[in-house]
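Peer 1:
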Amino acid sequence: QEERETANRLNFDLRWERLFTERFFTFLTGGYQRDRFSGYTYRWNGGPGLGYDFLRTPAHELKGLVSLLYYYNRLEQDGIDNYGTLKVEAYYQWNILENLRLKENLSYIVDLADTRTYFLNSETSLEVRINSFASLGVGYKIVYQNRPPSPDVRRTDTTFSTSLIVDL
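Reminder that position 15 of the sequence shown reads as 15 in UniProt numbering, one-by-one numbering, no gaps.
(1) Could you tell me the distance, in whole angstroms, from the CA atom of Lys141 to the CA atom of Phe160?
(2) Pick helix, strand or coil for Glu104, following the three-state DSSP scheme.
(3) Compare the C-beta of Leu68 with all C-beta atoms of chain B and state if any pair is closer than 8 Å.
(4) Note down the Cα distance separating Ala113 from Glu104, rounded to an integer number of angstroms.
(5) Answer with buried or exposed for Asn73, where buried requires no fewer than 16 other C-beta atoms within 10 angstroms of its C-beta.
(6) Can you tell me the Cβ-Cβ gap for Asn146 and Tyr108, rounded? I've got them flagged as a contact below 8 Å.
(7) Got a sec, what are the start and stop residues for the beta strand (DSSP E) Leu10 sits in?
(8) Pull the bridge partners of Gly30 from the DSSP assignment, please.
(9) Note down, in chain order, each residue of its chain lying with its Cβ closer than 8 Å to the Cβ of Tyr83, except the 5 sequence neighbours on either side.
(10) Name the residue from Arg34, Leu97, Ser163, Gly30 whose alpha carbon lies nearest to the alpha carbon of Thr124.
(11) For Glu76, which of helix, strand or coil comes out of DSSP?
(12) Counting along the chain, where does the beta strand (DSSP E) carrying Asp157 start and finish?
(13) Where DSSP assigns a beta bridge to Phe119, which residues make up the other side?
(14) Spell out the partners DSSP gives Phe25 in its beta bridges.
(15) Among the candidates Asn8, Trp16, Arg15, Ser67, whose CA atom is the shortest distance from the CA of Gln33?
(16) Would Phe27 and Arg15 qualify as a contact pair, given that the criterion is a beta-carbon distance under 8 Å?
So, in structure tokens, the structure goes:
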């Protein structure tokens with residue numbers, strides 16, 4: 001059977017947060033993404049946002065975030081696409097056991113100039129702590145783009161992953 005590449009993605013994200021109250025916070029975020037199969041050579045983004053911790057218990061955490069981001073995209077077909085977006089996110093974490101947790105991250109990103117261009121992302125993961133500084137994880141990610149930059153690009157991409165997580 002012929003070997004072929006089915007995934008080639010690199011993400012790098014940074015976020016700086018500042019608490020206003022016990023539950024309300026603001027943040028600055030920035031990121032870089034390279035995904036060979038998305039129709040983009042690379043994508044840069046950055047901007048400010050607001051967040052709120054809706055639920056914080058020992059077993060459950062739920063937070064919502066809203067941000068205004070600027071995207072600079074280099075298209076694979078030698079073009080540049082840049083625009084402002086609204087991004088709405090929800091993060092949920094369930095600490096099932098002391099060493100086992102389930103995470104769900106949902107996001108919706110819409111182009112403010114053309115609302116027909118939007119992205120939906122869902123990432124579900126299960127992590128088990130194996131010692132004081134490392135965990136093993138499995139995850140499933142769904143990435144949907146309503147208007148891909150090329151007709152050759154699928155709208156939906158799914159990724160199953162396993163990971164070694166190092167806590168510093």
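C-beta atoms are modelled at their ideal positions from N, C-alpha and C, and glycine is treated no differently.
Quantities reported herein were computed from a predicted structural model and do not represent experimental measurements.
Peer 2: Inspection of the coordinates gives the following:
(1) 7 Å
(2) strand
(3) The chain inventory of the structure shown lacks chain B, comprising one protein chain alone.
(4) 29 Å
(5) buried
(6) Asn146 to Tyr108, Cβ: 11 Å. No contact.
(7) 9-19
(8) Leu14, Gly46
(9) Tyr70, Tyr71, Asp111, Leu112, Ala113, Asp114, Thr117
(10) Ser163
(11) coil
(12) 156-166
(13) Ile109, Gln145
(14) Leu19, Gly51
(15) Asn8
(16) yes
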